[in-house]
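Student:
In this note's numbering, the protein residues as written are 70 to 168.
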């Protein structure tokens, strides 16, 4: 069997529409739309919830659980402590780094 049979069809699925889309109506005039040159977005950390030290081969890796501005507590992520303490010094007090 050379091709895979899916629902009685063989090979790739065919596209449903080819060609340019037809613009039915304009909502906002194009002159009033402003697009900035820099389209980057940086999410800032709000607080540190937890800290853990894990052994990885012969090294100890310290991680911190970070709550980000656009996320809830459920969306907190584990990040390595070294780049966090360089970039966000206000979140990691000096005492917690030595502990």
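Backbone N, C-alpha and C fix where the C-beta goes; we use that ideal spot for every residue, glycine too.
Which same chain residues, not among the five before or five after residue 165, have their C-beta less than 6 Å away from its C-beta?
Tutor: Per-residue confidence for residue 165 stands at a pLDDT of 49, beneath the threshold of 50, marking its modelled position as unreliable; no derived number is given.
Student: Under the rule that 16 or more other beta-carbon atoms within 10 Å means buried, what is residue 135, buried or exposed?
Tutor: buried
Student: For residue 146, which of 106, 99, 111, 119 has the nearest alpha-carbon?
Tutor: 119
Student: Residue 142 and residue 117: beta carbons closer than 8 Å?
Tutor: no
Student: Determine the burial state of residue 150: buried for a count of at least 16 other Cβ atoms within 10 Å of its Cβ, exposed for fewer.
Tutor: Buried, because 16 or more other Cβ atoms sit within 10 Å of the Cβ of residue 150.
Student: Is it buried or exposed for residue 89, if we count other Cβ within 10 angstroms and need 16 for buried?
Tutor: exposed
Student: Among residues of its own chain, excluding the 5 on either side of residue 123, which ones have a beta-carbon nearer than 6 Å to its beta-carbon?
Tutor: 130
Student: With distances taken from CA atoms, which of 139, 128, 94 is nearest residue 112?
Tutor: Comparing Cα positions, the closest option is 139.
Student: Could you please give the first and the last residue of the uninterrupted alpha helix (DSSP H) stretch that includes residue 170?
Tutor: Because the chain spans 70 through 168 in this model, residue 170 falls outside it and cannot be assessed.
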